[in-house]
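Student: I have a structure I would like to understand better, so I am pasting it below and will then ask my questions one at a time.
Numbering (UniProt numbering), first residue to last: 1 to 684.
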């Protein structure tokens, strides 16, 4: 009798189908042991030995697992194929007191009959380097959380938390907000000309590219008017024509990060939703006519590698379905220069011939949309590039140059399966144009623009940034974002992430007191050290021994320096109308509010509207700091909703000398609140 232990009941159900009657498959429901919640759980005095306890509520499950272990001759630990899965298997061997001779570790990247059966043939011992890597990560996170969170509780409010990765993610978002708030837009102009080309029906639209002095940018309306005046009756001629072909390469198959980004962009899924749905697709779904099968490979990976069998099968499928000219030849060997987690494959469908059409009826709408995205991306990645004919025409007059380009698809290649946003072409292909063709200016079309600040982070762009900076790993992106949203440090509005007042306070404390913890380079270096523990080149205790003393010193210093930060119970001159006491300012999950100090006898509370000493430009009453329903800060009139004044940037009492609108603060400058005006006073 053989026993297979997996993590989830859904996975157990799928695997049971592939194995014969002499296999029993049971689930551990994730971790069975962990560090205790009530204490640090790491013996600092005894060389950082972790103290593990059985997770509360797992007693009955473990009793059931022990019964199954007694009946079995051979035990296979089949938890997920990553360090978290390896650690769960190791904890199971300790908790269930498994004999090394009768128990083995098996892993598979996809839940298919072949993968599961061949994994049993390749059973191995538990990889202690992987376990140590998970253990180190867990201990570092625990040290940071349990050392710093109590300080935030004492200084701001109970229930707040700091985390090794979440605090860096919060800092990245705060830094971007500061950058946006300080950004001063600069004016520039673009100039397009419509030209009639001899023998062509449609006019040719060309863009100004360089002036007589080789200056490329037009920075003011005066400059633009000078150019237009000079060229009013100028004779344009064609100075150059380039015809060619360009290719648009197929995309790479998905990694965890690129799947989260693309699902956010095209399906509007949060990172946590994408991972939840991908987990279901991986563990197995009942497909009509096929039974319960895993539809995609393992979802936590930063590899773009595809197994030779899957690659060959996909190319074969493409040849049969689309034709041999759609099948790309040989996959280029690509690495991204980083550690690839456990040499996993990229995320792909387990069976390429299970097209989205075949599985549609068996999947919920969102599961289908995610599966379709993964399937199309993978099949597209094995196809030939799309090919375009291109033409570029340069026009010239009086030393000024204009450029026009057009392209036409001649072969759709991978775009027949995986379509991407096409750029709008303003010109049709010009077949008969030559350098001798006569051109005549029809009209100029100038446009005023202002440089834009970097956009607010979205979940997708934050994941991309975390990955580029080497912070966190595929398994941590989603929980990190979920945590900072759940703590209300950050709110999400129309896909954008905005820092709340609470987030600003926590980030300020972390930057002042724990600068190394929220330092991007420090965190990235620590990640690469954890990777070295994983590949066996650095001992896990070395990492912990070096990390803890610095953290302890920072906590000791912070306790002293944070004494000065007074956040709670600031007295105001606002009288409680129920009992006559002076109300105080407190911090809640949504930021500051007014509360009666007579709590619990008097429970009166009201919103705290902080005045900024500026008169409302519409009605003259005070401008106060307000918050949107989700907690994003803005400036509005105290007489809202009667008065509709609002501004995302801090207004001033000064008016724009150019147009009369209110001036707002941007970094160290005062800027007109009307974007079209463009008035700026630097160094206020």
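In this text, a Cβ means the ideal position worked out from N, Cα and C, and glycines have one as well.
It should be emphasised that the depicted structure is a prediction, and the values quoted were computed from it without experimental measurement.
Measure the C-alpha to C-alpha separation of residue 307 and residue 377 and round it to an integer number of angstroms.
Tutor: Your numbering for residue 307 matches position 307 in the chain shown. Your numbering for residue 377 matches position 377 in the chain shown. Roughly 16 Å separates the two Cα atoms.
Student: With three or more C-beta pairs closer than 8 Å as the rule, is the region 411-419 touching the region 380-388?
Tutor: As far as the Cβ criterion goes, the region 380-388 touches the region 411-419, which means the pair count is three or higher.
Student: So residue 505 and residue 156 are in contact, right, with Cβ under 8 Å, and what is the actual spacing, rounded?
Tutor: The residue you call residue 505 lines up with position 505 of the chain shown. The residue you call residue 156 lines up with position 156 of the chain shown. Contact flag correct, Cβ pair sits at about 6 Å.
Student: So what does DSSP say about residue 19, is it helix, strand or coil?
Tutor: The residue labelled residue 19 in the question sits at position 19 within the chain shown. Of the three classes helix, strand and coil, the one that applies to residue 19 here is coil, per DSSP.
Student: Distance, Cα to Cα, residue 320 vs residue 458?
Tutor: Mapped onto the chain shown, residue 320 falls at position 320. Mapped onto the chain shown, residue 458 falls at position 458. Answer to the nearest angstrom: the Cα atoms are 40 Å apart.
Student: Check the DSSP bridge columns for residue 383 and list the partner residues they point to.
Tutor: Residue numbering aside, residue 383 sits at position 383 when the chain shown is read from its first letter. DSSP, once it has assigned bridges, lists 327 as partnering residue 383.
Student: Thinking C-alpha only, which one of 4, 138, 23 and 611 is nearest residue 624?
Tutor: In the chain shown, residue 624 corresponds to position 624, counting from 1. It is 611 whose Cα lies nearest to the Cα of residue 624.
Student: To the nearest angstrom, how far is the alpha carbon of residue 430 from that of residue 250?
Tutor: Position 430 of the chain shown, counted from the start, is the residue given in the question as residue 430. Position 250 of the chain shown, counted from the start, is the residue given in the question as residue 250. One C-alpha to the other measures close to 27 Å.
Student: Identify which residue in 145, 169 and 168 has its Cα closest to the Cα of residue 159.
Tutor: Your numbering for residue 159 matches position 159 in the chain shown. Out of 145, 169 and 168, 145 has the C-alpha closest to the C-alpha of residue 159.
Student: Using only the alpha-carbon positions, how far apart do residue 585 and residue 471 sit?
Tutor: Residue 585 sits at position 585 when you count from the first residue of the chain shown. Residue 471 sits at position 471 when you count from the first residue of the chain shown. The straight-line gap from Cα to Cα measures roughly 37 Å.
Student: Using only the alpha-carbon positions, how far apart do residue 579 and residue 56 sit?
Tutor: Looking up residue 579 in the chain shown gives position 579. Looking up residue 56 in the chain shown gives position 56. Near 46 Å, if we compare the C-alpha coordinates of residue 56 and residue 579.
Student: Which residue comes first and which comes last in the alpha helix (DSSP H) that contains residue 459?
Tutor: Position 459 of the chain shown holds residue 459. From DSSP, the alpha helix (DSSP H) with residue 459 extends over 459-469.
Student: Is there at least one non-hydrogen atom of the ligand HEM closer than 8 Å to the beta-carbon of residue 36?
Tutor: What this structure holds is no ligand at all, so the ligand HEM is not there to describe.
Student: Go to residue 210, then tell me how far its beta strand (DSSP E) extends in each direction, as first and last residue.
Tutor: Taking the chain shown and counting its residues from 1, the one referred to as residue 210 is at position 210. Taken as a continuous stretch (DSSP letters only), the beta strand (DSSP E) holding residue 210 covers 204-210.
Student: Going by C-alpha distance, which of 252, 400 and 350 is nearest residue 232?
Tutor: On the chain shown, position 232 is the one that residue 232 refers to. Closest by alpha carbon: 400.
Student: Excluding the 5 residues flanking residue 352 on each side, which residues of the same chain have their C-beta closer than 7 Å to its C-beta?
Tutor: Counting from one through the chain shown, the residue named residue 352 turns up at place 352. Cβ within range, chain order: 313, 314, 317 and 379.
Student: Would you list the residues sitting across from residue 286 in a DSSP beta bridge?
Tutor: Working through the chain shown from its first residue, we reach residue 286 at position 286. The partner list for residue 286 (beta bridge, DSSP) reads 292.
Student: So, with DSSP's three-state summary, where would you put residue 635?
Tutor: Mapped onto the chain shown, residue 635 falls at position 635. Strand.
Student: What whole-angstrom Cβ distance do residue 107 and residue 283 have, given they're in contact under 8 Å?
Tutor: Locating residue 107 in the chain shown gives position 107, counting from the first residue. Locating residue 283 in the chain shown gives position 283, counting from the first residue. Residue 107 to residue 283, Cβ: 15 Å. No contact.
Student: Tell me whether residue 686 sits in a helix, a strand or coil according to DSSP, three-state version.
Tutor: The question about residue 686 has no answer, for the chain in this structure spans 1 to 684.
Student: Would you kindly work out how many angstroms separate the C-alpha atoms of residue 165 and residue 631, rounded to a whole number?
Tutor: Position 165 of the chain shown, counting from 1, holds the residue named residue 165. Position 631 of the chain shown, counting from 1, holds the residue named residue 631. Straight-line Cα distance between these residues: approximately 23 Å.
Student: Do you know how far the Cα of residue 34 is from the Cα of residue 99?
Tutor: The residue labelled residue 99 in the question sits at position 99 within the chain shown. The residue labelled residue 34 in the question sits at position 34 within the chain shown. Looking at the two C-alpha atoms, the distance is approximately 21 Å.
Student: When DSSP labels each residue in this structure, what does residue 669 get in the three-state scheme?
Tutor: As a working mapping, residue 669 is identified with position 669 in the chain shown. Looking at residue 669 - three-state DSSP - the assignment turns out to be strand.
Student: Leaving out five residues before and five after residue 28 in sequence, what residues of the same chain have Cβ atoms less than 8 Å from its Cβ?
Tutor: Here residue 28 refers to the residue found at position 28 when the chain shown is read from its first residue. Contacts found: 5, 6, 7, 61, 65, 79, 88 and 92.
Student: Between the alpha carbons of residue 533 and residue 133, how many angstroms are there, rounded?
Tutor: Along the chain shown, one-based indexing puts residue 533 at 533. Along the chain shown, one-based indexing puts residue 133 at 133. Cα to Cα, the separation comes out at about 5 Å.
Student: Taking DSSP as the reference, what is the three-state secondary structure of residue 404?
Tutor: Position 404 of the chain shown, counted from the first residue, corresponds to residue 404. In this structure, residue 404 counts as strand in the three-state DSSP scheme.
Student: Can you have a look at residue 344 and say buried or exposed, based on whether 16 or more other CB atoms are within 10 angstroms of its CB?
Tutor: Locating residue 344 in the chain shown gives position 344, where the first residue counts as 1. By the neighbour-count rule (16 or more Cβ atoms within 10 Å), residue 344 is buried.
Student: Residues in the same chain with beta-carbon distance under 6 Å from residue 185, minus the five sequence neighbours each way, listed in chain order, please.
Tutor: By 1-based counting over the chain shown, the position of residue 185 is 185. Excluding sequence neighbours, residue 185 sits near 450 and 451.
Student: Compare the Cα-Cα distances from residue 74 to each of 24, 2 and 515 and report the closest residue.
Tutor: Residue numbering aside, residue 74 sits at position 74 when the chain shown is read from its first letter. Taking only the C-alpha atoms, the option nearest residue 74 is 2.
Student: Would you mind working out which of 600, 405, 613 and 628 sits nearest residue 607, comparing C-alpha positions?
Tutor: If you number the chain shown from 1, residue 607 lands on position 607. The option with the nearest alpha carbon to residue 607 is 628.
Student: Decide if the region 237-246 is in contact with the region 385-397; the criterion is three or more beta carbon pairs, one per stretch, under 8 Å apart.
Tutor: Yes: the two stretches touch, three or more of their Cβ pairs being nearer than 8 Å.
Student: Tell whether a beta-carbon distance below 9 Å holds between residue 545 and residue 48.
Tutor: Counted from its first residue, the chain shown places residue 545 at position 545. Counted from its first residue, the chain shown places residue 48 at position 48. Yes.
Student: Going along the chain, which residues of its own chain have a beta-carbon closer than 6 Å to the beta-carbon of residue 673, five neighbours each way excluded?
Tutor: Numbered from its first residue, the chain shown carries residue 673 at position 673. Within the same chain, residue 673 has close Cβ partners 661, 662 and 664.
Student: CA-CA distance, residue 154 and residue 148?
Tutor: Translated into the one-based positions of the chain shown, residue 154 becomes position 154. Translated into the one-based positions of the chain shown, residue 148 becomes position 148. About 10 Å.
Student: With H, G and I counted as helix, E and B as strand and the rest as coil, what does DSSP make of residue 85?
Tutor: On the chain shown, residue 85 is found 85 positions in, with the first residue counted as 1. Helix.
Student: Can you tell me the Cα-Cα spacing of residue 302 and residue 234, whole angstroms?
Tutor: As a working note, residue 302 is residue 302 in the chain shown. As a working note, residue 234 is residue 234 in the chain shown. Approximately 57 Å, taken between the alpha carbons.
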